[in-house]
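A.B. asks:
Protein chains in written order, with the UniProt record's numbering: chain A, 1 to 431; chain B, 1 to 431.
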């Protein structure tokens with residue numbers, strides 16, 4: 001864990017190093033992924049079966065390529081009732097929040113008589129990636145599937161690796177609840193390639209979303225343009241801004257809730273109270289020992305954790321903007337939290353006040369938990385209904401409208417040296 | 001030019017070949033671009049100067065790195081008045097259309113007392129690419145710069161190659177009109193890399209948009225994630241649907257207005273009238289000879305043009321959806337055009353009726369002319385204000401709201417094996 005003090009003369013250099021620290025895929029991953037993607041494109045199901053055998057340790061021809069809807073329904077029905085209620089509450093709230101994201105169409109006619117507008121439609125088919133192993137999260141199924149459903153996507157496909165052939169019943173239950181139409185037991189870069197190009201068994205989709213490891217993220221990046229993707233996702237991260245009036249136990253738990261995700265996760269505390277900073281650091285060390293996720297959390301905190309003491313919390317704002325964090329928790333009184341939020345330019349999602357731990361947003365609040373990482377909140381947004389829709393603009397001129405604006409188009413087309421453009425307008429103007 | 005008849009038994013196979021025809025960058029381009037991008041990332045301005053010398057034939061240290069705002073103002077003032085008026089009309093209409101795209105923020109509190117919402121902000125800096133040479137279009141400057149301005153972007157940077165050191169006064173005038181803040185005489189993949197990574201002279205930007213050749217498009221694809229990009233753009237394309245009551249001259253000009261862009265451009269006519277199809281094909285051949293762009297237009301039409309005769313115009317709809325064209329012109333009476341538009345699922349921009357040539361949308365109508373190509377209208381949208389903004393979601397719970405939804409979060413976190421997540425909520429519930 002890195003301790004920084006904003007009054008230290010070396011602070012600028014140290015903080016810049018923190019901002020620029022790379023925790024993401026290297027060139028080797030990109031090369032491996034290119035090989036896998038080309039194999040799936042050229043060899044289809046045969047490549048999928050070979051990679052699944054090698055990487056997930058099971059033979060798709062024996063374990064089965066698909067996960068059947070009946071298996072998902074059974075998983076849902078056999079779920080412990082308290083957990084079923086929790087998933088249902090989460091699904092209802094997520095669906096309600098995302099339903100309001102569906103954009104309105106536009107259809108206007110202006111003073112010149114030109115009719116124009118924009119029409120939104122869902123993509124025909126979407127694929128969602130659900131990790132297996134350490135990160136097999138039913139919450140991610142809901143967060144990816146429900147925006148697609150709210151968009152009106154007719155064919156919703158889920159891919160998930162089943163290492164050793166094992167499936168996660170919670171993931172199946174969530175897929176049932178979310179209304180996933182089609183499920184395949186494949187993962188990694190090979191699953192992304194299958195969704196993008198299609199294979200003998202799997203029809204291609206138009207958009208692929210969902211979290212994954214470095215290979216999955218790199219495959220999405222490489223296949224962007226063949227399909228739409230949500231975002232290039234990197235390791236998770238949180239910035240917590242807390243004054244000295246917080247309970248160190250609460251803030252330590254908040255920091256660890258990111259650290260426990262993955263050894264590459266990053267948790268950073270900004271505080272204006274040096275004694276509080278020390279108390280939180282000590283509490284983090286105590287809490288780690290009690291976690292079932294201690295090994296991962298300790299690795300992440302030791303390597304990527306940071307505690308930054310600033311003179312005033314306002315001083316944290318420009319530093320936060322340089323980090324553009326995925327999650328930003330503003331653990332202070334409401335009015336100050338609102339003021340800090342108004343001042344911050346770049347963050348994926350913001351959690352306001354002392355009673356809004358980031359984890360409540362991971363599960364049940366409503367907004368999406370798929371968010372831009374690695375400083376990408378400078379330009380990117382969390383997953384939404386818009387990722388599963390596309391806009392078609394349209395235009396209609398009658399002769400009067402074309403007479404009003406057409407001559408300018410002719411002049412510009414001629415100036416650009418495009419005579420057929422000019423002629424297509426001029427002919428209709430009777431020239 | 002390919003002639004197809006939907007009643008022909010080989011039609012399905014032939015049309016599938018047309019849909020799958022690749023007109024885009026190959027592996028060699030990707031390899032070259034990786035080399036250029038790495039050089040600019042590692043060597044900055046030195047690499048920029050070397051590539052500009054080699055590819056654009058001028059020495060940046062002599063010709064100057066920047067284009068000065070004063071040069072743009074002069075270009076604007078010296079413009080022929082009719083052209084200045086045309087550019088001003090275009091700018092006013094484009095600005096008005098895009099201003100209405102700025103999304104509204106959300107801030108709601110639900111029945112459980114949970115406050116949540118979304119806040120939109122512009123990116124800090126955007127870079128727009130403006131091609132030199134054949135495709136140096138002032139209209140593209142307006143179409144890229146004005147949405148960024150409408151979004152509220154504070155630093156708008158333009159890069160444009162100036163082969164042999166020559167600048168295009170129309171492009172400079174449009175940059176002045178659009179309010180571009182900063183201009184650099186660089187182009188190609190090296191310019192995209194400079195915008196993404198920054199160099200000694202050029203500060204990095206957050207989003208890069210704008211058309212370009214295969215190297216530019218591939219550089220944007222490779223740098224997606226380092227910066228935001230608008231879209232992976234390929235060769236331009238138009239589908240025209242026309243009944244036999246159109247003037248073949250008008251429709252031929254519409255088809256050629258795409259063909260004259262580039263030898264890789266594609267123009268396709270669907271009609272239900274075989275005699276009209278022949279008349280248009282003959283007229284295209286006549287018109288090509290009269291164009292200053294004849295060489296390009298002929299190459300594009302001969303290689304990528306197609307005329308498809310269908311039994312009814314309704315039959316064209318599923319074929320159009322497979323092509324998902326960038327531009328779709330529905331040249332028939334208004335009610336039929338509206339009905340066809342309602343039936344089509346995938347198109348970048350649609351032009352309704354007999355008096356709406358696509359070219360009027362290229363210049364002055366208002367909607368953007370930067371549109372998804374290469375079947376990407378299945379999942380992608382034209383350039384808009386949203387490409388220059390990002391959304392931050394937010395959440396605020398008071399103790400009562402957390403008591404209502406927190407227990408479900410604890411249950412799900414425990415089920416997912418994430419104890420620090422559970423603890424961060426449970427502590428605040430007094431557990």
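No residue lacks a Cβ here, since even glycine has one placed at the ideal position from N, Cα and C.
1. Which class does residue 327/A belong to by DSSP, given the choice of helix, strand or coil?
2. Can you tell me which of the three DSSP states residue 79/B falls into?
3. May I ask which residues mark the beginning and end of the alpha helix (DSSP H) holding residue 137/B?
4. Got a sec, what are the start and stop residues for the alpha helix (DSSP H) residue 251/B sits in?
5. Please name the residues in the region 101-119 of chain B whose beta-carbon is closer than 9 angstroms to at least one beta-carbon of chain A, in chain order.
6. Just verifying my parser: in three-state terms, what is the DSSP assignment at residue 333/A?
7. Take every Cβ of the region 298-305 of chain B, pair it with every Cβ of the region 349-361 of chain B, and state whether three or more of those distances are shorter than 8 angstroms.
8. Would you report the Cα separation of residue 20/B and residue 310/B, rounded to the nearest angstrom?
9. With distances taken between CB atoms, is the gap from residue 120/A to residue 391/A smaller than 9 angstroms?
10. Using the rule of at least 16 other Cβ atoms within 10 Å of the residue's Cβ for burial, across every protein chain shown, is residue 115/B buried or exposed?
11. Quick one: residues in its chain with C-beta nearer than 8 angstroms to the C-beta of residue 428/A, no 5 flanking neighbours on either side, listed in chain order?
12. Does the beta-carbon of residue 289/A have 16 or more other beta-carbons within 10 angstroms, so that it is buried, or is it exposed?
13. Would you kindly check if the distance between the Cβ of residue 393/A and the Cβ of residue 382/B is under 9 angstroms?
14. Consult DSSP for residue 143/B and reduce its assignment to one of helix, strand or coil.
15. Is the CB-CB distance between residue 262/A and residue 244/A below 9 angstroms?
16. When DSSP labels each residue in this structure, what does residue 266/A get in the three-state scheme?
17. Buried or exposed, going by whether 16 or more other CB atoms sit within 10 Å of the CB of residue 329/A?
18. So does residue 7/A have its beta carbon nearer than 8 angstroms to some heavy atom of the ligand PLP?
19. Helix, strand or coil for residue 65/B? Go by DSSP, reduced to three states.
20. Give me the Cα-Cα distance between residue 62/A and residue 179/A, rounded to the nearest whole angstrom.
21. Is it buried or exposed, residue 342/A, if we count other Cβ atoms within 10 angstroms and call 16 or more buried?
22. If the cut is a Cβ gap below 7 angstroms, which residues of chain B does residue 236/A touch?
23. Is it true that the region 183-197 of chain A meets the region 148-166 of chain A, where meeting means three or more beta-carbon pairs spaced less than 8 angstroms apart?
24. Pick out the complete alpha helix (DSSP H) segments inside the region 150-231 of chain B, 4 residues or longer, and give them in chain order.
25. Looking at chain B, which residues of the region 355-382 of chain A have a Cβ within less than 9 angstroms of any of its Cβ atoms?
26. So, residue 404/A versus residue 113/A, is the Cβ gap smaller than 9 angstroms?
27. Output needed in chain order: residues of the region 329-347 of chain B with a Cβ under 7 angstroms from some Cβ in chain A.
28. Quick one: what does DSSP say residue 394/A is sitting in, helix, strand or coil?
29. Beta-carbon of residue 51/B versus every beta-carbon of chain A: anything under 9 angstroms?
30. Buried or exposed, going by whether 16 or more other CB atoms sit within 10 Å of the CB of residue 82/A?
31. Should residue 370/A and residue 103/A be called a contact, given that it needs their Cβ atoms to be closer than 9 angstroms?
32. Residues of the region 171-182 of chain B with a CB closer than 9 angstroms to any CB of chain A: list them in chain order, please.
33. So residue 220/B and residue 208/B are in contact, right, with Cβ under 8 angstroms, and what is the actual spacing, rounded?
34. Thinking C-alpha only, which one of 312/B, 6/B and 408/B is nearest residue 89/A?
35. Given a limit of 7 angstroms on CB to CB distance, which residues of the region 395-406 of chain B reach chain A?
36. Helix, strand or coil: which one does DSSP assign to residue 424/A?
C.D. replies: In short:
1. Strand.
2. Coil.
3. Neither: residue 137/B is in no alpha helix (DSSP H) and is coded neither H nor E.
4. 248-259
5. 101, 103, 106, 108, 110, 112, 114, 115, 116, 117, 118 and 119
6. coil
7. By the Cβ test, the region 298-305 of chain B is not in contact with the region 349-361 of chain B, since fewer than three Cβ pairs between them sit closer than 8 angstroms.
8. 20 angstroms
9. yes
10. buried
11. 399, 402 and 406
12. exposed
13. yes
14. The DSSP-derived three-state label of residue 143/B is helix.
15. no
16. strand
17. buried
18. Absent from the structure shown: the ligand PLP. Ligands present: none.
19. coil
20. 26 angstroms
21. Around the beta-carbon of residue 342/A, fewer than 16 other beta-carbon atoms lie within 10 Å, marking it exposed.
22. Those within 7 angstroms of residue 236/A in chain B number zero; the least Cβ separation is about 11 angstroms.
23. yes
24. Listed in chain order, the complete alpha helix (DSSP H) runs (minimum 4 residues) inside the region 150-231 of chain B are 169-178, 188-197 and 214-223.
25. 355, 356, 357, 358, 359, 360, 361, 362, 363, 364, 365, 366, 367, 368, 371, 372, 374, 376, 377, 378, 379, 380, 381 and 382
26. It is a contact, given that the beta carbons lie within the stated cut-off.
27. 341, 345 and 347
28. strand
29. Chain A places no beta carbon closer than 9 angstroms to that of residue 51/B, leaving this residue out of the contacts.
30. exposed
31. No, they are not a contact pair.
32. Look at the region 171-182 of chain B: it has no residue with a C-beta under 9 angstroms from a C-beta of chain A.
33. Contact between residue 220/B and residue 208/B holds, since their C-beta atoms are separated by about 6 angstroms, short of 8 angstroms.
34. 408/B
35. 395, 396, 397, 398, 399, 402, 405 and 406
36. Helix.
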